[in-house]
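A short worksheet on the structure shown next.
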Amino acid sequence: MVQEDVRRPYVDFTYYKNDYGGTQIKTENDFKRVENISEAFVNQVTFGRIARLSSIVDSIKDAICCVADTVAVQNEKREAVVKSESNDGYSISYADAMNDTALHNEMYRAVRSYLANTGLLNRGWVKEYDDKQ
Numbered sequence: 000m001v002q003e004d005v006r007r008p009y010v011d012f013t014y015y016k017n018d019y020g021g022t023q024i025k026t027e028n029d030f031k032r033v034e035n036i037s038e039a040f041v042n043q044v045t046f047g048r049i050a051r052l053s054s055i056v057d058s059i060k061d062a063i064c065c066v067a068d069t070v071a072v073q074n075e076k077r078e079a080v081v082k083s084e085s086n087d088g089y090s091i092s093y094a095d096a097m098n099d100t101a102l103h104n105e106m107y108r109a110v111r112s113y114l115a116n117t118g119l120l121n122r123g124w125v126k127e128y129d130d131k132q
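Sequence positions in the sequence shown follow numbering that gives the first Met the number 0 and run 0 to 132.
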């Protein structure tokens, strides 16, 4: 049975603003919405290893914040569907929202920039992380 990690959420809005230096997400409520998604994504691509760590290091927190920024920017683009509209020649330009595959790739790129050399993204067995009970 999988045990819930009591340290969640790993990142709060104060860390996002002050330590990570985030500027994309303006309010704590907006941050809470995307932080949950971001944390789940980072946990997925690290194969659940984060919950087994004795402490959450800044590189993991920064990866979650970077993914949160990516998700927040994408959400803004999806909400702003019409970018511009012209009346004479009837021309409408739509926002440049990514499709789900492109968003997933961008989120993974964000995680990889912080966790690439940690072993957390390794698909195989990693003694440092997988040997712990």
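For glycine and all other residues, C-beta sits at the position ideal for the given N, C-alpha and C. Since the model is a prediction, treat every value here as computed from it, not as a measurement.
Any heavy atom of the ligand SAM closer than 6 Å to the beta-carbon of Phe-46? With respect to the ligand SAM, the structure offers nothing, as it holds no ligand at all.
Any contact of the region 54-61 with the region 70-77, i.e. 3+ C-beta pairs under 8 Å? no
Can you tell me whether Ile-36 is helix, strand or coil according to DSSP? The residue you call residue 36 lines up with position 37 of the sequence shown. Residue state for Ile-36 is assigned as helix, using DSSP reduced to three classes.
Compare the beta carbon distance of Ala-39 and Val-66 with 7 Å and say whether it is the shorter of the two. As a working note, residue 39 is residue 40 in the sequence shown. As a working note, residue 66 is residue 67 in the sequence shown. No. Outside cutoff.
Using C-beta distances below 6 Å, list every residue in its chain close to Asp-129, excluding the 5 sequence neighbours before and after it, in chain order. For the purposes of this step, residue 129 is identified with residue 130 of the sequence shown, where counting begins at 1. The beta carbon of Asp-129 sits closer than 6 Å to none of the beta carbons in its chain outside the five residues before and after it.
Going straight from the alpha carbon of Tyr-15 to that of Ser-37, what length do you get? Residue 15 sits at position 16 when you count from the first residue of the sequence shown. Residue 37 sits at position 38 when you count from the first residue of the sequence shown. Tyr-15 and Ser-37: Cα-Cα distance of roughly 13 Å.
Buried or exposed by the 16-neighbour rule on C-beta atoms within 10 Å, applied to Arg-122: In the sequence shown, counting from the first residue as 1, residue 122 sits at position 123. Exposed, since its Cβ has fewer than 16 Cβ neighbours within 10 Å.
Would you check if the distance between the CB atom of Pro-8 and the CB atom of Glu-34 is smaller than 7 Å? Translated into the one-based positions of the sequence shown, residue 8 becomes position 9. Translated into the one-based positions of the sequence shown, residue 34 becomes position 35. Against a cut-off of 7 Å, the Cβ pair of Glu-34 and Pro-8 comes out as a contact.
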